[in-house]
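Undergrad:
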Amino acid sequence: MKPMAEATPVVEMRNIKKSFAAVRALRGVDLVLRHNEVLGLVGDNAAGKSTLMKVLSGAYIPDEGEIFIEGKKAHIIDPMDARRLGIEMVYQDFALANNLDVAANVFLGHEAVRAQLGPIGVMDKRHMEQETQRLLNRLKIDISSVRLKVESLSGGQRQSVAIARATAFNAKVIIMDEPTASLSVAAIGKVLDLVRELKAQGCSIIVISHRLEDIYAVSDRMMVLRHGRKVCDCPVAGDIHEFHERVVAYIIGARDDFAERAVD
Amino acid sequence: MTLPSEQLTDARERRVKVSLIKNAQKVLQQNIREYGMYIAFFVIIAIFTITTNGLFISSRNIVNLLNATSYIAVLAVGMTLVIVIRHIDLSVGFLAGFLGAIAAIALKYWGLPVYAAIPLVLALGVVAGLVTAFLVAQMKIPAFVATLAGWLGYRGALQLATMGTGTIIISDEVFNAIGNGFIPDIFPPDTGLLPGVHKLTLILGLLAIILFVIGEINGRRKTQAYNFEVLPMDMFILKLVFVSALVGGITWVLAGYQGLSWATVVLLIVVSIYYFMTSETVLGRHIYAVGGNPEAAELSGISVKRITYVVFGSMGMLSALSGILYASWLRSATTIAGNLFELDAIAAAFVGGVSAAGGVGKVVGAIIGALVMASLTNGMNLMGIDISLQYIVRAAVLAAAVIFDVTTRSRGR
Chain G
1 MKPMAEATPV
11 VEMRNIKKSF
21 AAVRALRGVD
31 LVLRHNEVLG
41 LVGDNAAGKS
51 TLMKVLSGAY
61 IPDEGEIFIE
71 GKKAHIIDPM
81 DARRLGIEMV
91 YQDFALANNL
101 DVAANVFLGH
111 EAVRAQLGPI
121 GVMDKRHMEQ
131 ETQRLLNRLK
141 IDISSVRLKV
151 ESLSGGQRQS
161 VAIARATAFN
171 AKVIIMDEPT
181 ASLSVAAIGK
191 VLDLVRELKA
201 QGCSIIVISH
211 RLEDIYAVSD
221 RMMVLRHGRK
231 VCDCPVAGDI
241 HEFHERVVAY
251 IIGARDDFAE
261 RAVD
Chain U
265 MTLPSEQLTD
275 ARERRVKVSL
285 IKNAQKVLQQ
295 NIREYGMYIA
305 FFVIIAIFTI
315 TTNGLFISSR
325 NIVNLLNATS
335 YIAVLAVGMT
345 LVIVIRHIDL
355 SVGFLAGFLG
365 AIAAIALKYW
375 GLPVYAAIPL
385 VLALGVVAGL
395 VTAFLVAQMK
405 IPAFVATLAG
415 WLGYRGALQL
425 ATMGTGTIII
435 SDEVFNAIGN
445 GFIPDIFPPD
455 TGLLPGVHKL
465 TLILGLLAII
475 LFVIGEINGR
485 RKTQAYNFEV
495 LPMDMFILKL
505 VFVSALVGGI
515 TWVLAGYQGL
525 SWATVVLLIV
535 VSIYYFMTSE
545 TVLGRHIYAV
555 GGNPEAAELS
565 GISVKRITYV
575 VFGSMGMLSA
585 LSGILYASWL
595 RSATTIAGNL
605 FELDAIAAAF
615 VGGVSAAGGV
625 GKVVGAIIGA
635 LVMASLTNGM
645 NLMGIDISLQ
655 YIVRAAVLAA
665 AVIFDVTTRS
675 RGR
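Protein chains in written order, with our numbering: chain G, 1 to 264; chain U, 265 to 677.
Below you can see the structure in the form of structure tokens.
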């Protein structure tokens with residue numbers, strides 16, 4: 001373990017504020033993600049989870065606040081900025097092109113090129129297929145061929161492809177927005193295994209989920225948002241029933257660890 | 265009683281046969297959408313060959329058929345890509361007619377040489393396509409409406425361009441050769457082994473077969489070296505034999521008349537370029553990605569706007585090419601040139617397997633689709649079938665092609 005890396009968080013967001021017209025979606029949220037940590041992000045609908053993550057991934061520009069990536073101040077104004085900094089987001093609706101095969105989706109926007117004809121690159125398809133196969137093997141994702149079209153895959157397999165795609169280009173931070181929503185029980189198990197596998201391989205991950213048992217299963221720490229404010233930031237520990245009760249209390253507003261900071 | 269060794273060979277033979285049929289079934293099932301179109305095309309050719317006592321398949325008819333298909337086929341190639349990115353272009357017919365008239369005027373009244381007139385018209389086509397793209401991508405006007413405006417506008421422009429003169433007769437021999445001429449033969453026609461046969465066409469056909477076989481074998485070897493799945497050996501050989509026989513057959517038929525026509529050469533060049541572009545380049549992949557899921561493409565850093573400009577720009581250029589082919593074929597620019605080309609091109613694209621939902625459709629399919637539709641017209645004309653019935657038959661084929669496509673797609677899921 002490297003003590004220096006331990007000390008500096010991968011991501012630090014300070015006092016993030018964001019409003020949409022009259023609606024104050026984020027009222028000064030702090031977030032810390034440490035190296036090789038899985039952070040669960042929980043909250044009711046409209047609590048600000050997705051908004052916070054869209055700020056981090058460059059989809060929204062915050063009204064106020066600062067973001068530090070590995071201790072350095074970052075200016076993220078579009079998704080490509082975030083990607084360059086090693087932040088990848090896995091969207092809830094998978095964001096895959098169903099008409100293309102697995103390898104094409106993994107490399108979409110990053111195609112390997114073997115020759116350049118003026119502005120047009122000639123793809124190195126075999127290289128991309130081979131690399132994709134290697135990636136699937138590394139993450140223990142069970143898909144029979146990288147040439148299968150995404151439309152022929154199951155929901156769980158699609159989610160795995162979406163996650164594999166996010167990790168393919170040395171992402172430091174992977175944000176997953178409801179990775180287990182709309183999946184079967186068996187598929188949820190596989191996706192959670194994949195999250196553990198990524199952690200084992202050194203990734204830092206933020207998981208947004210409504211399913212508290214999933215957060216409990218994979219997270220090291222969790223954060224609860226309520227009405228655009230952080231109300232809880234604590235390690236995931238203890239018995240699942242006790243955990244569940246505690247989290248629900250935060251979500252509905254019965255408990256609040258940061259009440260003194262709620263000036264407005 | 266049979267000897268044990270005989271029984272063994274028997275069993276082995278049976279096993280080989282069974283595996284051949286199984287492999288064929290598997291390959292056919294996996295690719296039913298793609299192969300269905302080729303099978304349908306063959307059935308149509310066979311039916312017309314029988315009903316016209318071989319007149320349909322005669323060299324002269326096939327050459328005419330190809331020349332008459334070329335100007336729709338190039339439009340169908342561009343239209344396929346437009347439909348792949350979930351748009352439509354209704355303006356291409358009259359744009360082709362208008363640009364054909366511009367070509368005629370440039371040659372006849374502006375005194376431009378043919379080598380300047382053609383690039384000029386192609387460039388104007390690109391500009392027209394970019395204007396459409398601007399309306400669609402920048403102004404967010406639905407393509408149907410934007411190109412309907414184009415349809416009206418170019419129709420007016422065509423009438424304006426031909427108002428003073430009426431039909432413009434083109435006398436430039438080089439220009440007219442594009443739609444009517446044939447590639448020259450390297451040997452005089454009645455010397456050597458095969459008198460009356462176009463040797464250069466035969467040589468080119470043979471060359472195409474050799475290049476295809478070598479390319480396929482190399483590709484297979486490389487794919488295997490990377491441990492990826494390839495066609496079973498028997499199916500692979502069957503494919504090689506089938507395609508070689510097809511190319512060989514067409515070459516033989518063409519060589520029996522005057523050889524390869526320039527219009528066919530133009531069509532082959534367009535298909536080759538677009539096939540390569542769509543299947544091998546990053547640009548091609550991005551076009552299909554935008555068609556499959558525009559949001560996902562945008563999130564992956566692909567500019568949907570840029571792809572829209574490229575696709576409509578290419579459509580405009582192909583419209584210009586279509587106009588040139590048509591004007592050259594008729595040796596003149598008429599006041600109604602291009603009428604209904606757009607609908608023929610759209611029909612060809614759909615028969616060729618493009619999906620209105622976007623993201624699906626190949627350029628080779630568009631060519632086959634155009635050939636199917638043109639063969640129907642040509643064959644029914646040879647049979648002397650009434651024109652009104654012809655429309656109904658073509659309607660049925662178009663509907664059947666799309667129904668087949670939709671049902672095989674939903675089953676494939």
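A virtual CB, placed ideally from N, CA and C, is assigned to each residue, including glycine.
Source: prediction; values computed, not measured.
Using a Cβ-Cβ cutoff of less than 6 Å, which residues in the same chain neighbour U:ASP608 once the five nearest sequence positions on both sides are dropped?
TA: Cβ neighbours of U:ASP608 beyond the five flanking positions: ILE336.
Undergrad: Please tell me whether U:TYR573 has its Cβ less than 9 Å away from any Cβ of chain G.
TA: no
Undergrad: In the DSSP assignment, find the alpha helix (DSSP H) that holds G:LYS199 and state where it starts and stops.
TA: It spans 185-200 - the alpha helix (DSSP H) in which G:LYS199 sits, taken as one unbroken run.
Undergrad: Does the stretch 578-595 of chain U come close enough to the stretch 382-390 of chain U to have 3 or more Cβ pairs within less than 8 Å?
TA: yes
Undergrad: Going straight from the alpha carbon of U:ILE667 to that of G:LEU39, what length do you get?
TA: 49 Å
Undergrad: Count the other CB atoms within 10 Å of the CB of G:LYS2; is the residue buried (16 or more) or exposed (fewer)?
TA: With a pLDDT of 45 at G:LYS2, under the threshold of 50, the predicted position of this residue should be treated as unreliable, though the coordinate-derived value follows. Within a 10 Å sphere around the beta-carbon of G:LYS2 sit fewer than 16 other beta-carbons, which makes this residue exposed.
Undergrad: Could you spell out where the beta strand (DSSP E) holding G:LEU41 opens and where it closes?
TA: 38-43
Undergrad: Would you say G:SER145 reaches chain U, if we count a Cβ-Cβ gap shorter than 9 Å as a contact?
TA: yes
Undergrad: Are three or more beta carbon pairs between the stretch 593-603 of chain U and the stretch 124-139 of chain G nearer than 8 Å?
TA: no
Undergrad: Considering only their Cβ atoms, is the gap separating U:ALA613 from U:LEU709 smaller than 9 Å?
TA: Here chain U comprises residues numbered 265 to 677, so residue 709 of chain U is not present and cannot be evaluated.
Undergrad: Out of curiosity, what's the CA-to-CA distance linking U:MET493 and G:PHE169?
TA: For the record, residue 493 of chain U in the displayed sequence is Glu; it is not Met. Approximately 26 Å between the Cα atoms of the pair.
Undergrad: What is the residue span of the beta strand (DSSP E) that G:GLU178 lies within?
TA: G:GLU178 -> no beta strand (DSSP E), and no H or E assigned at all.
Undergrad: Start and end of the beta strand (DSSP E) containing G:ASN15?
TA: 11-20
Undergrad: Name, going along the chain, the residues of the stretch 39-63 of chain G whose beta-carbon falls closer than 8 Å to a beta-carbon of chain U.
TA: none
Undergrad: Counting contacts by CB-CB distance shorter than 9 Å, is U:GLY492 in contact with chain G?
TA: It should be noted that the sequence gives Phe, not Gly, for residue 492 of chain U. By this cut-off, U:PHE492 is an interface position.
Undergrad: Going by DSSP, what residue range makes up the alpha helix (DSSP H) through U:ASP608?
TA: Residues 605-615.
Undergrad: Within 9 Å of any Cβ in chain U, is that where the Cβ of G:MET123 sits?
TA: yes
Undergrad: Does DSSP classify U:SER586 as helix, strand or coil?
TA: helix
Undergrad: At a Cβ threshold of 9 Å, is U:ASN557 touching chain G?
TA: yes
Undergrad: Run down chain U in chain order and give the residues with a C-beta less than 8 Å from the C-beta of G:LEU136.
TA: Ordered by position in chain U, no residue passes the 8 Å Cβ test against G:LEU136, which lies about 13 Å from the chain.
Undergrad: Are there three or more Cβ pairs, one per stretch, closer than 8 Å when the stretch 364-376 of chain U is compared with the stretch 430-437 of chain U?
TA: yes
Undergrad: Taking C-alpha atoms, which residue in G:GLY65, G:ASP124 and G:ASP93 lies nearest to U:ASN557?
TA: Among G:GLY65, G:ASP124 and G:ASP93, the Cα nearest to that of U:ASN557 belongs to G:ASP93.
Undergrad: Can you round the beta-carbon distance between U:GLY357 and U:GLU606 to whole angstroms, since I take them to be within the 8 Å contact cut?
TA: 4 Å
Undergrad: Would you kindly report the start and end of the unbroken alpha helix (DSSP H) that includes U:GLY602?
TA: U:GLY602 -> no alpha helix (DSSP H), and no H or E assigned at all.
Undergrad: Can you list, in chain order, the residues of its chain with a C-beta nearer than 7 Å to that of U:MET647? Leave out the 5 residues immediately preceding and following it.
TA: THR315 and THR316
Undergrad: CB G:PRO235 to CB G:ARG221, shorter than 9 Å?
TA: yes
Undergrad: Using a Cβ-Cβ cut-off of 6 Å (strictly less than) and excluding sequence neighbours within five positions of U:THR426, which residues of its own chain qualify?
TA: ALA365 and THR599
Undergrad: Does the beta-carbon distance from U:VAL623 to U:GLY555 come in below 9 Å?
TA: The amino acid at residue 623 of chain U is misidentified as Val; the sequence shows Gly. The answer is yes: Cβ separation under 9 Å.
Undergrad: Please confirm whether G:ASP101 and G:ARG34 have their CB atoms less than 9 Å apart.
TA: no
Undergrad: Give me the Cβ distance between U:TYR573 and U:ALA401, rounded to the nearest whole Å; I'm assuming they're in contact under 8 Å.
TA: Right, the Cβ-Cβ distance comes to about 6 Å (below 8 Å), so this counts as a contact.
Undergrad: For the stretch 67-83 of chain G against the stretch 151-165 of chain G, do three or more pairs of beta-carbon atoms, one drawn from each stretch, fall closer than 8 Å, so that the two count as touching?
TA: no
Undergrad: Going by beta-carbon coordinates alone, are U:ILE321 and U:ILE309 separated by less than 9 Å?
TA: yes
Undergrad: Go ahead and pull the three-state DSSP assignment for G:SER152.
TA: helix
Undergrad: Listing by chain order, which chain C residues have their CB less than 7 Å from the CB of U:ILE551?
TA: Within the model displayed, chain C is absent; protein chains G and U are what it includes.
Undergrad: Taking Cβ-Cβ distances shorter than 7 Å, what residues in chain G pair up with U:SER564?
TA: LEU108 and GLY109
Undergrad: Which ranges does the alpha helix (DSSP H) cover as unbroken runs of at least 4 residues, wholly within the stretch 497-576 of chain U, from first to last along the chain?
TA: 497-519, 526-544, 546-556 and 558-563
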